[in-house]
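Colleague: Dropping the structure in here first, questions after.
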Amino acid sequence: ARELKLFAGAGVRHRFCCRIFCRLIEHASTHPDAAALIEEAVARRAGELSRNEFAHFVVAHVMEHGLPQHRAIAASSVMESDFACTAQHRHGRFVVEAL
Numbered sequence: 017a018r019e020l021k022l023f024a025g026a027g028v029r030h031r032f033c034c035r036i037f038c039r040l041i042e043h044a045s046t047h048p049d050a051a052a053l054i055e056e057a058v059a060r061r062a063g064e065l066s067r068n069e070f071a072h073f074v075v076a077h078v079m080e081h082g083l084p085q086h087r088a089i090a091a092s093s094v095m096e097s098d099f100a101c102t103a104q105h106r107h108g109r110f111v112v113e114a115l
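Counting from 1 along the sequence shown, just add 16 to a position and that's the residue number in the working numbering.
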């Protein structure tokens, strides 16, 4: 998780790196370093990431497999962003369904 922290913002949006974040959320979200990375890179920015072509998969994984505090932070981030736009967006609707 420490290695991913350097390029987490771009990695979440990357075609292949988003899958690494999904596996991290599934298998290592209780580890302190991974939990901090998930909260910083994904949960707090879930509103903007939910409309990205690849990052929406990571946000949906947080909603399905993340820790309760990550789910709460991500849900509030999505709700505070332009929720109507996200719900109608091509990629954002998957995140709204996961809420």
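For every residue, glycine included, the Cβ atom is placed at its ideal position computed from N, Cα and C. The structure displayed is predicted, hence computed values, not measured ones.
When the distance is taken between beta carbons, is Leu65 closer than 7 Å to His50?
Modeller: The residue labelled residue 50 in the question sits at position 34 within the sequence shown. The residue labelled residue 65 in the question sits at position 49 within the sequence shown. The sequence given here has Ala at residue 50, not His. No.
Colleague: Given this structure, state the Cα-to-Cα distance separating Ala91 from Ala100, to the nearest angstrom.
Modeller: Here the question's residue 91 lines up with position 75 in the sequence shown. Here the question's residue 100 lines up with position 84 in the sequence shown. Using only the alpha carbons, I get a separation of about 14 Å.
Colleague: Just to confirm before moving on: does the CB-CB distance between Val112 and Ala71 stay below 7 Å?
Modeller: For this step, residue 112 is matched to residue 96 along the sequence shown. For this step, residue 71 is matched to residue 55 along the sequence shown. Not a contact, by the Cβ cut-off of 7 Å.
Colleague: For the alpha helix (DSSP H) containing Glu56, list its first residue and its last residue.
Modeller: Translated into positions along the sequence shown, residue 56 becomes position 40. Per DSSP, Glu56 belongs to the alpha helix (DSSP H) from Pro48 to Ala57.
Colleague: Hey, would you say Arg67 sits closer than 7 Å to His107, going by beta carbons?
Modeller: As a working note, residue 67 is residue 51 in the sequence shown. As a working note, residue 107 is residue 91 in the sequence shown. Yes; because the gap between Cβ atoms is below 7 Å, this pair is in contact.
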